Amino acid sequence: MPAPRFFGYGSLVNTATHDFPDPQPARLAGWRRQWVRATTRPVTFLSVRPDPDCAIEGITAAVPGADWAALDAREAAYDRLPLPPEALAPAPDAPVSVYRAKPALIGPPSPDHPILLSYLDTVIAGFLALFGEAGVARFFATTEGWEAPILDDRAAPRYPRATPPDGAVRALVDAALAQLGARAPG
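Numbering (the working numbering), first residue to last: 825 to 1010.
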């Protein structure tokens, strides 16, 4: 039987942030991305919530030997949930799980919990590489919570797996944030 897989919808789409094998583009129906703040973190980060009218793009990748320890440690603020196979396209040949922020630890975005621009740049670099500019536009359209402030930490990234954005990523992120009316703190 093939190794179980996870569905990544944020920084895990950027394969420079991990070495899980066999990353494949995928679409998950019935879910929406959302920015949430955690009581355990000083920043806002991505999670997902059920939404029957939405579908999000991301990747699935294998978890060799069904050893979830490394990924569970990376996603410590999240619960790992099994996904029904019919929610994924293409149809998986192995069980797939998704990580959702632990409900007891989260709240809506707030002024004192910004979105790190280094994190967003890393996410968008992955989406641009895998899905092109149209996929980046779909990422922004299927993500809610843009009222959180944006902290420009590009010069000194606070996100531990930050990948320096090239000019195309910077331009796409900056234009999308301007269109959304997202704001810097202060």
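For every residue, glycine included, the Cβ atom is placed at its ideal position computed from N, Cα and C. Since the model is a prediction, treat every value here as computed from it, not as a measurement.
Report the partner residues of residue i according to the DSSP bridge assignment.
i, result
"P874", "W855"
"I880", "L852"
"V860", "F869"
"L996", "BP columns for L996 are empty, so no partner."
"G832", "I883"
Measuring CA to CA, which of the options is closest to residue i?
i, options, result
"R982", "G959, I939 and T863", "I939"
"T987", "M825, D917, V837 and A958", "V837"
"P935", "A1006, P847 and D846", "A1006"
"L852", "R962, A992, V867 and L1001", "R962"
"I974", "L1001, K926 and D891", "L1001"
"P907", "P914, D896, F830 and W892", "The amino acid at residue 907 is misidentified as Pro; the sequence shows Leu. When only C-alpha atoms are compared, the closest one is F830."
"P826", "V872, A918 and P874", "A918"
"G950", "A879, E910, V997 and P932", "V997"
"I1064", "D977, I930, R978 and L954", "What is shown of the chain runs 825 to 1010, which leaves residue 1064 out entirely."
"S921", "G959, L929, V872 and E957", "V872"
"T966", "D891, C878 and G931", "C878"
"V887", "R924, A862 and D843", "D843"
"A980", "Q1003, V947 and L941", "L941"
"R913", "V867, P932 and G854", "One detail in the question is off: residue 913 reads as Ala in this sequence, not Arg. Ranking V867, P932 and G854 by Cα distance to A913 puts G854 first."
"P828", "L929, Q1003, P916 and G991", "P916"
Which first and last residues belong to the beta strand (DSSP E) in which residue i is found?
i, result
"L905", "Y902 to P906"
"S821", "The structure shown has nothing for residue 821, since the chain only spans 825 to 1010."
"G889", "Per DSSP, G889 belongs to no beta strand (DSSP E) and is neither H nor E."
Let me confirm a value: residue i is counted as buried when at least 16 other C-beta atoms fall within 10 Å, else exposed. Which label applies?
i, result
"E881", "buried"
"G832", "buried"
"T841", "buried"
"R856", "buried"
"G889", "exposed"
"A999", "exposed"
"R904", "exposed"
"G1010", "Caution is warranted here: a pLDDT of 43 is assigned to G1010, below 50, making its placement in the model unreliable, and the coordinate value is therefore given only provisionally. Classification of G1010: exposed, given that the 10 Å Cβ count is below 16."
"A897", "exposed"
"D945", "buried"
"A958", "exposed"
My guess is that residue i and residue j are in contact by the Cβ rule of under 8 Å, so how many angstroms apart are they, rounded?
i, j, result
"Q858", "E968", "5 Å"
"P847", "T839", "5 Å"
"A925", "A901", "6 Å"
For the alpha helix (DSSP H) that contains residue i, what are its first and last residues?
i, result
"F844", "Counting along the chain, F844 falls outside any alpha helix (DSSP H), and DSSP gives it neither H nor E."
"R962", "L941 to A965"
"A893", "A893 to R898"
Any chance the CB of residue i is under 7 Å from a heavy atom of the ligand FMN?
i, result
"A980", "Here there are no bound small molecules, and the ligand FMN is not part of this structure."
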